[in-house]
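Numbering-wise (the numbering used here), the sequence shown opens with residue 83 and increments by one. Worksheet for the structure shown next.
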Amino acid sequence: MGLLSTSTRATSVQVLVLCDVQNLVDRLSPITDENIPPIFHDDQMSSRHSHDSEPQDALDELFHPDNCMLRMESLEASYVKLAMPHDVLVKAKCAHVLSRMMLGHTEMWPLCESLAMEALRLLDIGFPLSFPKGESQRQGLFGHVGRHVLETLVGTVLAHNNKYRFAIASYEAAQQLYSFQYLNRRGYEKLDRVCCGLCLHQGDLDRALQYHDRVLQWTKEHENCNEFVYITQMINSILLQQSQFRLAAHRLQDALMALRDPLAVLPPAYTKSAAPARRLFHYKFHANGYDAWFLHDIQLHLCLRDVYKASGRGQEALHVLQHVLSYEPKFKLPRGRRIHLTMLVAEDALKLRQLELCISMLRTIEHDIAMDNNNTATTTILESKHAWEVMATFRYLKCRARCYFYKGQYHRCALWLAVAASKGLSVRQRADVDALGSRCLLQLHHKQLQDGEFAPLQRTMSGRWGFTAQEPSLGLLLSTKSEQDSFHSAMDDHWNIRSYTDACTLLCWKAFDLYGTLNDPVRQTKVVLTLVRLDMLALEKHTSDVSSLHQATALARQALDLAAESAVPMKMLTALVYTAQLQCWWTKCNPDHDTHELVATTDEALRLLFAIFLRQVRGSHDSIHVVPLLPFPPSVLMQLEAAVGILLHIGATITQLDAVDVPALFSWRDLESAYHCLNQCTYWYSAQPETPASDDSNPQPVPARPVHVRVGRQPQHQKQLSLSSISDIVSFSFFRRPDSFTCADHGTPLPLSPFAYVGPIKSRGVSSAAAGDARSRSQSAPATNDADPSTAPNPDDWDDGELEVEPDGVDFWRACNQEYRKQHMVQWSSNMYAADSDALWGIWYCHRVTDRKFKSGRVTPSAFRLASLKLIFDIRLLSHSTALHLPTTLGTTDSFGVVLHERDCISVVAHSTTINTSTPVDVFTFPASNALSLHQGIAGVPFQNQAVTSAQVERVLLYLGPKVLMKVLSSMLLEIPLIVVHSSTSVVQEVLFVLTHLMRPFRWSFPMLPALPMSCTSMFADLIQDYTKAKQKHRPMAPFVAGISMDMWRECTYRLSTVQSSSDCATCISVLQVNLSSKCKFQLASNRSSAVYMQPRLRRYVVDAVTTTSGGPASAALEAALQEVYRVILQSFQKAPSFKQWFRLESQEFTKLFQATATCQAYLNGGDGRLSSTVV
């Protein structure tokens, strides 16, 4: 404080000396690093030998560096003796030092805060009292001591006392004082860094972002690349919490450009736009710092991946990882990073259900372990070591097991779960293994019910298990004797299972108890829902089993209670839907059963569904589109599709009950539109795309993988398989060629994306299965070629006949199909969802972060439940404020019925109020595992009873026009199969029902497939092919009319284009493409011996009758003209002389063909028309 504040009193001098000593101890004095010699050395030595040395010893103790408490007591005693106003500055300094000494003691923080505030007050008002105004006025509060009090005491103490608002104000005041004292400096770097942590800890994200930006500028000034990357990561995490995903991606792009020195040869950064990114600043690259540079680049790319994942752009996040992996072989990634990135690609591909890419990446890691057998280079050995460390983790084992689970290879999934169980696992890991194992057994039980096999799967060979040729890496994973014994025991137990139901129940309750130990009601709910689903599979076959109904109902209520504890929306929705479905079955068993719970649970499920997961968008012509609220991941979409399908069944059951009102939120039109949209989304995300149909007459083997495709890493140059070099090989599967059997252009091809394929490891001495050969389930089937002595089976190798084995090349072509579907889904999502959905994605992202913290134990169950409730509340507020970029297309207008595809069966819900049946709603369920069962089952659904109004006839006439309408009716009268194509399900249903209505007095008595869901693409393509083969071989097969979407039609034409007889389909099937904005396109079957148009004069008669109508409705004129045409055709069968003038110049080919049809003969032999008696 200078000499001006020095007082002549002894107490003041003593206080100043003690304060300076404490400053020296705290290293805050200007002379801290100075060497001060002992001036009074002789006096000190003589004083030690004096007899009166006790006072001197006490004084020495005050100056000892370790006696802080003694100095604190002395200063506290002297502080109250300082007089005012003469010792005001001395007292301020004493309060300042005392508060700093008390800062290290938690119990003294209140007193510390009081002393710090008193020191600040004394500096503020005391200095003008002691000295005149002038230059010295910059001392005191405006001096270094005032800034130090604000900075280190007031701000720090207030922060410790949880007074954040006052603490940050103190820090900002200290920054302003620093700027006032040093006008030539840009800011106070030290306080910027302190405020970064304080604001982030208190959750003040806006202010934290400002301070992090300041620190980022400091890192640029200091050219500190390490800190620049770290601060960029912190800024990215702040922007993610603020839901500013676009801004976060933009700033990361700038940071990636700053890392790239334009004078150095470095790989380009990932970018979505073709325009070059701006370069405002860049760091200089050092030639010996490649590893450090790559580490920084990978960290920033991983941040960009996090941004894309948080905003629902999972495919772009996957592309970021693939871009970094594509640095090799030109650039060598740091040690272990390539393996880590490969594992991340596998996990992201698994979440997107790109299973072939996932298994390809997992095989890449597996290949790296086997590389050291052929190459002894140091780098190769180290890479193999890193690959081994990753492969031995639970993360890898679980990812591989889940991949096989989604591929439908449940026995192979059980194998990898047995490997994981043989390792030392934590409680949560053991619970995850048991939960996934129970789901695997549930699917095996469902498959067993579907196939009708109830025999236990017992092995007839030795119980000794070795290591299969299909999974040779198991020999490396099971390295110890105990692990091998545990694996053998688990696999023996799996193959000796006599009841999948009992084994699944046992694993579920084991997982339930383990999750209960972790106090995790979320996963407990998931396990209980698995048990409910297990009981419901049995009840689907025997609905009247009361004991099973009681058990399933009790489990469903337990699931509801657990879901209420966590308040996770999807778990609550699933539990409510299952409970409502069980209540429906109770009403079927007992008609007097109380229906209040049924209606209440259905109403709650609908409220949750439309508030959190779905939204309604208006389309053209007063129609609606019900689409997902966001482009959710495939797992969520599949659960939503199942829930909507069950709700449609529940609605049909409630409608059939007497004196029971349907919930107010229940709307057939909304649920049908939602089901078709969700079914289409899940088809594009489907984990098991079907292989193209094959021609039975000339079976072709499954094409093997091209021989010039090099898989795996090549040891000679340490190369990672390029994720873009294979694009030219698979491009033919993306650019789907148009075929003659179509009526619309397929449009421009979708853009390609990086893609990788890695085949399975083939162990030495084991020959792969021939292409197209099916492996038998014989327990003793040889796994090798016995004719070659070099390929003799190893006694330690185990027979893998029970495992699911695919012919070579099948997975490659399925990967190509998945790539096309992925591109289509990405394009659909990008065209529909806008940037203003970031707020909604931010809510889901915060909930996912809370869920991760809950799993790790950092969040209590009550706090997690509060976060889930906040998720529901926030989404309800924001769901209607975001917009969708839907084209102005026609959506769902009316509700005629819906076809529900549920794995191995199809349910048809016909619920129109104008249906001529005894009940307003009818449900028809039949098994449909192939095209033949679909054709036979749908024939029993009486769609012909559907009544049609005049308004619907008017609309169809407007859609098609009278000329196209007469051509289509000509085709239907000749019993030629008809496919109606349009993007709206309401349009195709309305067109089909109106066409059958306009055929009267004739009746279409053949199968009708109105608005087939997208998941029926495979069966429908096979149905077209089967009908074509039947017509070629002159076998009887009933014709059909079907309505499908444009996307489904493109998929069908692609599948049919892969068979040799695809061109024959157009000869016997007609196609109608409905176009509301332009002229419709109709393609009649090209076989002129069975497909001809009606006579032009009759068609012109109807066209003139419709076009010349004035004043009256066109539908009435149309029906009257058609009745006249039918009368003329029927009477022409008699060959009366009066009708010769009608057909004098016309061909009689149509009349002859129509007279030979079953439709005409059924009418003539007992129809209900007026002309039947006279004609006969």
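Idealized CB from N, CA, C, for every residue including glycine.
- Straight across, the Cα-Cα distance linking D336 with Y253 is about 30 Å.
- Residue pairing by DSSP puts L1091 in a beta bridge opposite A1124.
- If the five residues before and after K163 are omitted, its C-beta is found closer than 8 Å to the C-beta atoms of T93, all from its own chain and listed in chain order.
- Residue burial annotation: A346 is exposed, with fewer than 16 other C-beta atoms found within 10 angstroms of its C-beta.
- Within the DSSP bridge table, the entry for R275 names no partner.
- Within its own chain, the residues whose Cβ lies closer than 8 Å to the Cβ of L960, once the five positions on either side in sequence are excluded, are A921, L922 and I925, listed in chain order.
- The C-beta distance from I954 to P651 rounds to 6 Å, short enough to fall under 8 Å.
- Between F376 and L415, the C-beta spacing is below 8 Å.
- L1138 is the residue among L637, R1132, M1096 and L1138 whose C-alpha sits nearest the C-alpha of D1104.
- Taking a contact as a CB-CB distance under 8 Å, the pair L688 and L739 does not count as one, their CB atoms being some 17 Å apart.
- The beta carbon of M154 sits closer than 8 Å to the beta carbons of L180, M183 and M184 from its chain, once the five residues preceding and following it are set aside; these are given in chain order.
- Separation of A249 and E754 (C-alpha to C-alpha, rounded to the nearest whole angstrom) is 57 Å.
- Nearest in C-alpha terms to L106, of all of T942, D148 and L197, is D148.
- In this structure C586 touches L524 by the C-beta definition: roughly 5 Å separates them, less than 8 Å.
- Per DSSP, the beta-bridge partners of H983 are I988.
- Beta bridge pairing from DSSP links F1008 with I988.
- As computed with DSSP, H707 is found in a beta bridge with V699.
- The beta-carbon separation of L444 and A469, rounded to 11 Å, does not stay under the 8 Å limit for a contact.
- Annotation for T932: V941, F946 and A949 place their beta carbon closer than 7 Å to its own, counting only its chain and skipping 5 residues before and after.
- Here L600 carries a coil assignment [DSSP, helix/strand/coil].
- F413 and H332 have their C-alpha atoms roughly 26 Å apart.
- Between the stretch 602-618 and the stretch 564-580 there are fewer than three C-beta pairs closer than 8 Å, too few to call the two in contact.
- Between the stretch 1071-1078 and the stretch 1028-1041 there are three or more C-beta pairs closer than 8 Å, enough to call the two in contact.
- Membership of I1211 in the alpha helix (DSSP H) is indicated by the continuous run A1196 to S1214.
- Spanning the alpha carbons of S977 and M1101 requires a straight line of approximately 24 Å.
- For C278 and L479, the gap between their C-alpha atoms comes out near 40 Å.
- Closest by C-alpha distance to H368, out of M1128, L322, K173 and D343, is D343.
- Per DSSP, L164 lies in no beta strand (DSSP E) and is assigned neither H nor E.
- Counting along the chain, the unbroken beta strand (DSSP E) around S1152 starts and ends at S1152 to Q1155.
- Look at Q324 here: in three-state DSSP terms it is coil, with no helix or strand label.
- Within the model, the alpha-carbon separation for S196 versus R247 is close to 17 Å.
- Around the beta carbon of C385, 16 or more other beta carbons lie within 10 angstroms, which makes this residue buried.
- When DSSP states are grouped into helix, strand and coil, F1164 belongs to the strand group.
- Taking a cut-off of 8 Å on C-beta distances, the stretch 587-600 touches the stretch 509-528, as three or more cross pairs fall below it.
- Looking at the DSSP output, L1060 sits in a beta bridge with V1123 and S1152.
- Under the DSSP assignment, W667 falls in the alpha helix (DSSP H) whose first and last residues are P651 to C671.
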